[in-house]
Amino acid sequence: MIKHLRSAADLDAATATLILDTAAEMAALSGREVKKLPALRGRTVVNLFYEDSTRTRISFEAAAKRLSADVINFSAKGSSVSKGESLKDTALTLQAMGADAVVIRHSASGAPHRLSNWVDGSVVNAGDGTHEHPTQALLDAYTMRSRLGRLDGLKVAVVGDVLHSRVARSNVLLLSTLGAEVTLVGPPTLIPVDIVAALSKTARVSYDLDSVLPDSDVVMMLRVQTERMQDSYFPSAREYSRRYGLDVTRMRKLPEHAIVMHPGPMNRGMEIAPEVADSPRSTIVEQVANGVSVRMAVLYLLLGGK
Amino acid sequence: MAQPRADAPSKIILAGSDLHRVVDRIAHQILEKTSGATGTVLLGIPTRGVPLAHRLAARIHAFEGVEIPVGSLDITLYRDDLRLNATRALGKTELPAGGIDGLRVILVDDVLFSGRSVRAALDALKDLGRPSSVQLAVLVDRGHRQLPIRADYVGKNIPTALSESVKVTLTEIDGADEVKLIGGLK
Amino acid sequence: MAYLLKGVSILGASPSDLYIADGVVSEKPVEGAEVIDATGLVALPGLVDVHTHLREPGREDAETVETGSRAAALGGYTAVCAMANTSPVADTAGVVEQVWRLGREAGLVDVQPIGAVTVGLAGKQMAELGAMATSAANVRIFSDDGFCVADPKLMRRALEYVKAFDGVIAQHAEEPRLTEGAQMHEGEVSTRLGLTGWPAVAEEAIIARDVLLAEHVGSRLHVCHVSTAGSVEVLRQAKARGVRVTAEVTPHHLLLTDELAAGYDPVFKVNPPLRTRSDVEALRQALLDGVIDVVATDHAPHAVQDKECEWAHARPGMLGLETALPIVLSVFGPQWDLIADRMSIAPARIAGLDGHGGDLTRAGTPANLTLVDPAAQRTVDPAELASRSRNTPYAGMTLPGRIVATFLRGEATVLDGKAVK
């Protein structure tokens with residue numbers, strides 16, 4: 017088993033599949049009355065969150081606690097971190113506390129890589145800058161597999177601000193590893209020209225959402241921040257929404273079985289219409305539930321053994 | 099625990115129809131001891147306890163026409179040696195539709211050795227519900243218990259040395275029915 | 009002190025004896041001269057760096073004029089041009105004179121201050137260039153390095169203004185609007201790593217603009233740390249047209265590529281960023297062709313806490329003085345005439361440092377020189393560097409060439425590979 021999960025590229029197909037299979041067992045166990053499992057008793061998992069992300073933090077916290085690990089939440093606000101303590105000094109503190117795993121969310125790309133140089137425990141990337149968010153990609157893959165039964169050969173459209181999206185990067189890497197065909201869709205300003213060369217030779221790029229939808233099994237809408245407008249990535253929220261937003265009319269172009277995903281938090285009315293977000297095709301609520309199972313699987317596989 | 103080398107000499111203890119007869123005997127014993135196996139659930143411990151549980155249920159059905167619910171109980175997350183080995187993949191835990199509360203659960207495993215797997219199974223069971231009683235059925239008891247645990251139904255007692263190992267193969271998983279004693283032979 | 013360098017090979021020529029007395033190359037040996045067995049050693053005119061950050065005043069925790077001078081001497085340098093981005097900024101006669109005086113006191117290399125083009129490097133108002141030129145520091149190179157003189161009108165005026173005292177503007181070519189938040193070369197690797205890209209065009213656009221401005225006003229322009237193949241083409245065309253432009257390349261841009269960012273270790277973070285293999289190839293060819301005139305280190309010491317952190321929070325820059333010659337040797341091999349020209353003669357000419365880059369075969373030439381053992385190899389150990397900082401990207405690399413001795417106006421600053429003070 018790998019030691020860290022810093023990037024979806026750390027996972028080969030066998031390991032990724034093992035995580036998804038383990039997550040399925042974890043999900044089955046989570047359905048029962050006693051949710052706690054003893055596997056990580058005596059192990060310490062630190063949630064080191066430099067960015068506010070309550071949903072991701074509680075997902076990891078629930079996962080660790082269900083496996084009986086001791087969880088320490090270390091959020092940047094109101095701690096020594098906000099008083100200017102460096103990542104390295106924080107790392108040495110966690111090391112001294114005997115952290116077996118550090119789950120890190122950080123605004124700087126690569127912070128988990130840096131951290132892994134300074135601690136002995138496992139490092140799990142819970143989102144770093146505009147780099148990656150591998151457990152999100154795992155839970156997305158898990159959701160696709162449980163809804164559609166497979167990943168190999170699945171046609172997945174990832175739509176929106178690919179340039180700034182850590183979710184997109186991890187998804188392209190992981191889905192390609194697992195045999196899905198990814199098409200990145202968005203305005204050319206938000207899709208780096210070398211994304212295919214950088215991440216996956218099997219991925220494709222399109223600037224036309226309408227032409228991609230009829231041949232998609234999954235459409236994943238990325239959050240688009242309206243601030244990008246000020247930086248001339250697109251002229252207005254209205255124009256963005258017209259060209260790349262998923263509304264009811266567009267949703268009808270999808271095949272009958274296709275699902276709609278969103279990593280959250282959503283901008284309803286911007287990249288996704290409320291009717292779409294709440295439709296039966298939408299897996300948005302499921303994704304949250306699956307997040308706990310997938311994170312349990314990751315923590316178990318990283319920390320359970322020797 | 100010391101494992102015999104791969105090229106160590108081995109001896110077949112049970113094979114084919116011998117093994118089938120042993121399973122039949124356990125099935126009969128269960129029927130006898132549980133007065134017809136009513137209110138009973140068989141839970142196999144992965145990996146090889148699961149097909150054994152299904153075989154026992156099938157034989158009991160053949161003998162008496164009783165349908166016994168069968169499930170599986172994975173003990174990986176409850177093992178006390180989890181941290182001593184590389185991470186293990188999880189097996190399946192599937193309880194029969196009626197659950198286990200108030201029922202007699204018979205745990206089924208291939209080999210009873212130190213007793214630690216059974217202890218883990220009892221812990222796992224506790225988190226799943228409250229059976230009225232728990233019994234244990236094993237194909238082979240090779241001795242060397244480290245915990246105060248004994249089986250209610252034993253297919254075959256095989257006295258072994260600690261340096262030996264017992265290997266059970268089943269058609270469903272391994273393509274052949276066999277019990278082998280490996281290593282330690284003169 | 010007089011020296012007799014026995015059996016030395018001047019620029020790779022057959023062994024001869026080189027006499028040093030009274031601070032110059034002497035025709036005859038002097039009585040009582042110290043004899044140095046220079047068998048197998050190559051004598052080069054003392055190296056000249058037109059682009060060094062010595063950090064004093066302001067960041068003496070990263071480097072001082074003295075520690076930087078020692079690193080320079082150990083690297084074979086006899087003169088370095090100290091960049092203006094200190095704190096306070098070297099934008100007045102007072103600050104440049106202070107740096108110049110500190111250099112004299114250290115006495116290991118000639119420290120030639122560079123003056124800022126604009127007040128506080130802010131790019132708004134021209135600094136008192138004339139006052140710096142006529143100060144004791146005798147400033148000839150002006151640069152806002154670290155920042156680009158982005159305003160085209162201001163750049164034009166500066167290019168024109170320094171003609172009065174034969175100055176030159178050394179431009180840090182980086183269009184600031186195209187590099188907002190930039191962390192590394194924009195390309196495949198930046199896309200994969202999720203680090204904001206620094207596009208090649210941000211450098212090339214400014215160089216293209218500046219060579220046209222220099223051509224228009226008939227001024228000299230120097231381009232700092234050229235890093236892209238596209239920049240090389242712009243320079244090649246400008247030089248063919250007769251534009252008075254010179255350019256430098258750093259050792260790291262001649263060797264390293266953006267792939268090194270993969271582990272997010274900021275020791276590889278530098279501005280301009282490490283580029284691609286094809287850029288490296290184009291830069292090497294440009295140095296051979298003379299499209300790029302000089303190798304300059306852009307020696308940029310940084311304190312540990314400014315590098316042992318997240319990539320985005322780290323300061324850009326790498327140490328260079330102590331490894332420059334070995335890197336150039338490893339890239340180009342023992343092409344001693346080329347090395348002497350690009351690392352000593354041409355930089356001395358650009359910086360107007362008359363006593364440096366002289367002909368060692370001629371009696372009377374100031375004895376600024378360095379002795380290199382080309383057969384020796386050295387593995388770079390950050391702990392052994394004389395710089396106060398440790399941010400070398402070459403740690404663990406084994407490089408050819410060892411600096412055995414360096415002489416500044418006839419006095420040894422380095423002997424047996426060790427600084428004399």
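Residue numbers (the working numbering), protein chains in the order written: chain S, 17 to 322; chain Y, 99 to 284; chain U, 9 to 429. No residue lacks a Cβ here, since even glycine has one placed at the ideal position from N, Cα and C. Treat the numbers as computed from the prediction; the structure is a model and nothing was measured.
For A195 (chain Y), no CB of chain S lies under 8 Å from its own CB, so it is not counted at the interface with that chain.
Annotation: K19 (chain S) to A210 (chain U) spans about 40 Å, alpha carbon to alpha carbon. Per DSSP, reduced to three states, the secondary structure at F90 (chain S) is strand. The beta-carbon distance between R200 (chain U) and A214 (chain S), rounded to whole angstroms, is 4 Å. This is short enough to meet the 8 Å contact definition. Proximity of the segment 47-57 of chain S to the segment 83-91 of chain S meets the contact definition, three or more beta-carbon pairs being nearer than 8 Å. Using a CB distance cut-off of 8 Å, K19 (chain S) does not count as an interface residue toward chain Y. Checking the DSSP bridge columns, you'll see P408 (chain U) partnered with U:Q385. In this structure the segment 25-44 of chain U does not touch the segment 326-342 of chain U; the number of beta carbon pairs closer than 8 Å is below three. U:N376 is the residue among U:R410, U:A383, U:L393 and U:N376 whose C-alpha sits nearest the C-alpha of G54 (chain U).
Between D233 (chain S) and L170 (chain S), the gap from beta carbon to beta carbon is short of 8 Å. Among the bridge pairs identified by DSSP, P374 (chain U) is matched with U:V32. For the pair V139 (chain Y) and P194 (chain Y), the CB atoms are nearer than the 8 Å cut-off. Near chain S, meaning a CB-to-CB distance below 9 Å, the residues of the segment 169-181 of chain Y are D172, T174, L175, Y176, R177, L180 and R181. The continuous stretches of alpha helix (DSSP H) do not include E419 (chain U), which lies in the beta strand (DSSP E) extending over residues E419 to L423.
For a cut-off of 8 Å, the C-beta gap from A87 (chain U) to Q120 (chain U) is around 6 Å, short enough to register as a contact. Residue pairing from DSSP places G169 (chain Y) in a beta bridge opposite Y:L141. Distance between E302 (chain S) and L407 (chain U), taken at the CA atoms: about 57 Å. The contact set of R186 (chain Y) on chain S, defined by CB atoms closer than 8 Å, consists of G320 and G321 in chain order. Inclusion of T94 (chain U) and G66 (chain U) in the CB contact set at 8 Å is warranted, their separation being smaller than that value.
In its chain, beyond the 5 residues on either side, H122, S125, A127 and P128 have a beta carbon closer than 6 Å to the beta carbon of D144 (chain S).
Note: K14 (chain U) is bridge-paired with U:D45 in the DSSP secondary-structure output. Here DSSP, grouped into helix, strand and coil, assigns L55 (chain U) to strand. Identification of chain S residues near Q313 (chain U) by a Cβ-Cβ cut-off of 7 Å yields S102, ordered along the chain. Your pair A24 (chain S) and L189 (chain S) checks out as a contact, with CB atoms roughly 4 Å apart and the cut at 8 Å. Contact annotation: I280 (chain Y) and P149 (chain Y) have beta-carbon atoms that are not nearer than 8 Å.
For V240 (chain U), no beta strand (DSSP E) encloses it; the enclosing alpha helix (DSSP H) starts and ends at A237 to R249.
According to DSSP, T199 (chain S) shares a beta bridge with S:A173 and S:R220. Contact between the segment 188-206 of chain U and the segment 276-294 of chain U is established, with three or more Cβ pairs separated by less than 8 Å. Per DSSP, H129 (chain S) is one residue of the alpha helix (DSSP H) stretching across A127 to S132.
The C-beta separation of G328 (chain U) from H261 (chain U) comes to about 11 Å, leaving the pair out of contact by the 8 Å criterion.
DSSP places V61 (chain S) in the uninterrupted beta strand (DSSP E) bounded by T60 to F65. Residue state for V314 (chain S) is assigned as helix, using DSSP reduced to three classes.
Close to chain Y, meaning a Cβ-Cβ distance shorter than 7 Å, are the following residues of the segment 42-60 of chain S: A44, L45, R48, V50, L53, P54 and A55. Nearest Cα to F155 (chain U) within the set U:V73, U:V147, U:H193 and U:V231: U:V231. Taking 8 Å as the upper bound for CB-CB distance, L52 (chain U) and L19 (chain U) are in contact here, some 7 Å apart. With the criterion set as a beta carbon lying under 9 Å from some beta carbon of chain S, the members of the segment 187-214 of chain U are E188, Q191, E194, G195, E196, V197, S198, T199, R200, L201, G202, L203, T204 and G205, in sequence order.
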